[in-house]
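For reference, the structure is listed below as structure tokens.
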Amino acid sequence: MQTGYTATARALHWIVALIVLGMIPAGRIMVEEGLPRGLQDALFLFHKNAGVIVLVLMIVRLVWRWLNPPPPLPASVPGWQARAAHLTHVLLYALIFVMAISGYVRVVAGGFPLELPDALGLPRLLPKMESLGNAASTVHYLTHYAVIALIALHIGAALFHGIVRRDGVFGRMWRG
Numbered sequence: 001m002q003t004g005y006t007a008t009a010r011a012l013h014w015i016v017a018l019i020v021l022g023m024i025p026a027g028r029i030m031v032e033e034g035l036p037r038g039l040q041d042a043l044f045l046f047h048k049n050a051g052v053i054v055l056v057l058m059i060v061r062l063v064w065r066w067l068n069p070p071p072p073l074p075a076s077v078p079g080w081q082a083r084a085a086h087l088t089h090v091l092l093y094a095l096i097f098v099m100a101i102s103g104y105v106r107v108v109a110g111g112f113p114l115e116l117p118d119a120l121g122l123p124r125l126l127p128k129m130e131s132l133g134n135a136a137s138t139v140h141y142l143t144h145y146a147v148i149a150l151i152a153l154h155i156g157a158a159l160f161h162g163i164v165r166r167d168g169v170f171g172r173m174w175r176g
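The UniProt record's numbering applies: residue 1 is where the sequence shown begins, and numbers increase by one.
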């Protein structure tokens, strides 16, 4: 029986994790008043296009996870922890999708450039519509707090299992 995640699942996890962990501070800093214009532009460029990449990678992750279900948790994990882990994963996936989609809607409906898809000649899926862009901006802003909280919970639980319990849960994603 497989006890660890596949190499593909681990790679997708860590790539998305690194991008998202870079996007969070970039997103918070890029809206600060008084930033040098060049820095602000670079942060916006990174944040917007990384969001597009995360959206694509999350679709790939979802398909991969459906085709290759994750290994079962060790029997030593209490039922409530297994249910909490499942709920946390579902919420993380859902909210990362909400963040990516609301970011896309904010940019496109706001009439702003989205450099990577634009350079690839991909069509914009929405017309410029300021009210929709503003609503998406609000969703994006409010959701980021929940994403940060879930990431902290996820990391905390992983460290708890890796350092305190040493029950193999952490190693499933670290080394497979």
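We put the beta carbon where it would ideally sit given N, CA and C, even for glycine. Quick caveat, the model's predicted, so the values are computed rather than measured.
What is the rounded straight-line gap between the Cα of residue 180 and the Cα of R37? Given that the chain is displayed from residue 1 to residue 176, the structure contains no residue 180 and the question cannot be resolved.
Cβ-based neighbour list, V54, same chain, cut-off 7 Å, excluding 5 preceding and 5 following: Taking the first residue of the sequence shown as 1, we reach residue 54 at position 54. Answer for V54: V16, I19, V20, I96, A100, listed in chain order.
Taking only three categories from DSSP, how would you classify K128? Here residue 128 is taken as the residue at index 128 of the sequence shown, counted from 1. It is coil, neither helix nor strand.
Top-ranked residue by Cα proximity to A109, from L91, G171, M129, A42: For the purposes of this step, residue 109 is taken as residue 109 along the sequence shown, with counting starting at 1. It is M129 whose Cα lies nearest to the Cα of A109.
If distances are taken between C-alpha atoms only, which option among V56, V63, D118, G27 comes closest to T143? Position 143 of the sequence shown, counting from 1, holds the residue named residue 143. Out of V56, V63, D118, G27, G27 has the C-alpha closest to the C-alpha of T143.
Coarse secondary structure for L122, derived from DSSP in three states: Along the sequence shown, read from residue 1 onward, the residue named residue 122 stands at position 122. Coil at L122, not helix or strand.
Which of helix, strand or coil DSSP assigns to residue 177: Residue 177 is absent from the structure shown; the chain starts at 1 and stops at 176.
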